[in-house]
Amino acid sequence: MLSTRDLVAGYDERTVLDGLDLDLPTDAFTVIVGPNACGKSTLLRTMARLLTPRRGTVLLDGTAIRDLPTREVARRLGVLPQSPLVPEGVTVADLVGRGRQPYQRWWRQWSSEDGAAVDQAMALADVTDLADRPVDSLSGGQRQRVWIAMTLAQDTDALLLDEPTTFLDLAHQVEVLDLLHRLRSERGRTVVAVLHDLNQAARYADHLVAMRAGAVVAAGPPREILTADLVRDVFGLACVVVPCPVTGAPLVVPSYTGGNAPAPGAASGGRVASPGGPVDAAAGAEDPDSSTASVPDARPSTGDAANPLAGSHPSKGL
Amino acid sequence: MTTTLHPDSPRADAARLPGRSLLRIGPVSLVIRRRAVLVAAVLTVLLLLAVVLSLSLGTPYVAPADVLRALSGTGTPYDLVVFDLRLPRVVLAAVAGAAFGVAGTLIQSVARNPLASPDVIGITQGAGLAATVALTSGMAAALVAPTALVGGLLAAVLLFALGARHGLAAQRFVLAGVAVAFGFRALTEVVMLTADPIDGLRAQIWLIGTLAGKGWTEAAWIAGTLLVLLPVLAWAGWALNSTALDDDTARGVGLRPVARRIGLAGTGVLVAAMVTAQVGAVDFVALVAPQVARRLVRAERPPLVCAALLGALLLVLADLAGRRLFAPTQLPAGVLTAAIGGPYLIFLLLRGRRRSS
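Those protein sequences? They're chains R and F, same order as listed.
So the first sequence is numbered by my numbering: it starts at 1 and just counts up by one.
So the second sequence is numbered by my numbering: it starts at 1 and just counts up by one.
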């Protein structure tokens, strides 16, 4: 439903995207990843017509988005910018109601559809209980759910989100991503998000788009495309990719770089050891919550110089 | 006109529109703040009282009952005093005050700054320079106001030209305005210093702003402007709701934030230039009325109608006080608006801070 053709976009003198062609699948959760300044936010902003491309086209259901009235686009495409400004003193219900703007005129400021859509959006994002609270009094996680509720009130088929989990703690990140997942799986919405965390991207995405320097390096299901080679290509980071112990999705673990991380064989080395291992058998036995200890294959590091953690990672054998 | 709650579940609707009701007139449905209706009603009553008081006080004194009798057209010995001497000036004060309230509301919301007003963004100074030139060059008295209007509009054009490059973004808008204001003020001072001292004094009084010797003509120009702009103002009352959204969010929900800012600011400076040209720089009303009205209504942004009513009330009272406080010496209304409005704004600010802490 969303595609780009020969898209050139940027800010002032700087060209960020240079001739990008991309098709995003309908009814899927697409996650765009890439290093800082790779153009992923620029791509999202251009697709959401927040940024006018210098050349090329964004197609929404086959029609050039610039040929559509912006109000009509707002009824088909919801967008949550990176860090929206929270209006002072506005209540949650009020802000969610702003999502109905594309359906309203100054002489028709409210209809029963508006009310129903706001109710449904607040229920979906689980902010109904906060309806009367001022948005600026909420926590970061609650606030982000309110913003998502506002875009849901637009009642669009597609939803574009620019780094919706930034500045949230891990629990709230998972909460927001679970909500986006539900929107896709239960409501059949097309969700496109820029995320920073590769592992979260791999866990939630149906379709992963990896970008570097304004170009798409790879696109496809994370289980097919997310490899150590791709991470090295895109981020310039050495890593191992192992299956996630919870979901089986690819899990990216950066290699030991000799920096601040504890050296293998020191603090973590012992805990990684198998229960029967000679080094720390007692520690392993006393530490049942450590999922690593139960992995029979795990061995203490063999001291691989280039990638010392590779040999010792417990999940490798899964 | 009937105020009806939503037909399908009133309780759920109250949650979606807290403190608001839906006003339905045929195909038109407007969301109205209940507290704004209350505040507007109280302000209207106070305004009418102030008007009667203003018609009554002075030399000669006319008892309020006689004022009412004269107004109802029953013919009293006071008709001349009430209708010909006092009413034009009182009506001008009310209309000009309302216009300042409207202009202030629009300018403050585009500037996203409660301290923005026509004299912060240079409209007053533009009108002031033109009026000073007119008054010191021996121009006919009838031409002073039209010249001042041209000056105010010139300042507005300059303001838009300087602010437009960044889509009239709040900070750019205020900065451009401050630059325009300083430029015109400097030029005004040059004109003042090179002028005949008597002419300079007349220009000085104009700059402070006074309603003395003015009446129906000035009121008609201002009221006519507001009337012509009424459809735009009806739109503005609604568009003001979303000025608090940042540009990306606004575009996301299908708004065109730059066009909206140009529309709101354009309307604001047009009203400001017109009213300033007619009554001079009484613009403290434009600064105070929107903010006080906002606090009275307890809204997150200044309410247009209540700000207009409060501006009218403030200027009627300021003009009355200017006429009577040191009678027979008359003070220009511009001096009194600051004296009345300033302390009240400070009081509200202090009270607001205590509540929020």
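Virtual Cβ for every residue (Gly too), placed ideally from N, Cα, C.
Only a predicted model underlies this, so the values are computations on that prediction, with no experimental measurement involved.
Closest Cα partner of residue i within the set the options
i	options	result
Pro332/F	Ser29/F, Ala203/F, Asp248/F	Ala203/F
Ser109/F	Glu88/R, Ala123/R, Asp18/R, Thr63/R	Glu88/R
Ile205/F	Gly334/F, Ala41/F, Ala318/F, Ala65/F	Gly334/F
Thr165/R	Gln173/R, Leu230/R, Ala153/R	Gln173/R
Val176/R	Trp110/R, Ile65/R, Arg100/R, Asp126/R	Asp126/R
Pro88/F	Val102/F, Leu71/F, Pro77/F	Leu71/F
Arg154/R	Gly280/F, Val81/F, Asp199/F, Ala250/F	The residue asked about is misnamed: residue 154/R is Gln in this sequence, not Arg. Of the listed residues, the one whose Cα sits closest to Gln154/R is Ala250/F.
Phe326/F	Ala36/F, Leu48/F, Leu17/F, Gly58/F	Gly58/F
Arg298/F	Thr217/F, Ile107/F, Val37/F	Val37/F
Ala279/F	Arg185/F, Arg260/F, Gly152/F, Val28/F	The sequence shown places Val at residue 279/F, rather than the Ala named in the question. Per the Cα distances, Gly152/F.
Ala338/F	Phe83/F, Gly268/F, Leu255/F, Thr210/F	Thr210/F
Range covered by the beta strand (DSSP E) that runs through residue i
i	result
Ile25/F	20-25
Arg14/R	14-24
First through last residue of the alpha helix (DSSP H) which encompasses residue i
i	result
Cys306/F	304-324
His172/R	170-187
Ile262/F	257-279
Thr188/F	170-194
Thr4/R	Note, Thr4/R: premise wrong, no alpha helix (DSSP H); beta strand (DSSP E) at 2-11.
Leu51/R	Run containing Leu51/R: none; DSSP gives neither H nor E here.
Glu113/R	112-124
Pro60/F	Taken as a continuous stretch (DSSP letters only), Pro60/F belongs to no alpha helix (DSSP H), as it is neither H nor E.
Gln330/F	Unbroken run through Gln330/F: none, as it is neither H nor E.
Bridge partner(s) assigned by DSSP for residue i
i	result
Ile32/R	Val194/R, Val209/R
Gly78/R	Leu159/R
Ser83/R	Bridge partners of Ser83/R: none, in fact.
Val31/F	Leu22/F
Cys239/R	Pro254/R
Thr243/F	Thr243/F pairs with nothing; no bridge assigned.
Thr151/R	Its beta-bridge partners do not exist; DSSP assigns none.
Thr57/R	Arg5/R
Ala128/R	Residue identity differs from the one stated: residue 128/R is Thr in this sequence, not Ala. Answer is none; Thr128/R lacks a bridge partner.
Pro134/R	Thr91/R
Three-state secondary structure (DSSP) of residue i
i	result
Thr70/R	helix
Ser41/R	helix
Asp65/R	It should be noted that the sequence gives Ile, not Asp, for residue 65/R. Residue state, collapsed to three classes: helix.
Thr373/F	The structure shown has nothing for residue 373/F, since chain F only spans 1 to 357.
Leu142/F	With the sequence shown as reference, residue 142/F is identified as Ala, and Leu is not the correct amino acid for it. Looking at Ala142/F - three-state DSSP - the assignment turns out to be helix.
His246/R	As written in the sequence, residue 246/R is Val, which differs from the His given in the question. Coil.
Arg298/F	coil
Ala219/R	strand
Thr165/R	coil
Arg105/R	strand
Thr225/F	helix
Pro77/F	coil
Leu349/F	helix
Arg202/F	helix
Leu211/F	coil
Arg100/R	coil
Val253/F	coil
Gly214/R	coil
Leu17/F	coil
Asp283/F	coil
Asp27/R	coil
Val295/R	Confidence at Val295/R is low in this model, with a pLDDT of 39, below 50, so its placement is unreliable and the value that follows should be read with caution. Correct three-state label for Val295/R: coil.
Ser56/F	helix
Glu286/R	With a pLDDT of only 42 at Glu286/R, under the threshold of 50, the placement of this residue in the model should not be trusted, and no figure is reported.
Thr217/F	helix
Thr227/R	coil
Gly163/F	helix
Thr337/F	helix
Partners in chain C for residue i, counting only beta-carbon separations shorter than 8 Å
i	result
Glu88/R	The displayed structure is made up of protein chains R and F, and chain C is not among them.
Extract the residue ranges of the beta strand (DSSP E) inside the stretch 79-139 of chain F, only unbroken runs of 3 or more that lie entirely within it.
none
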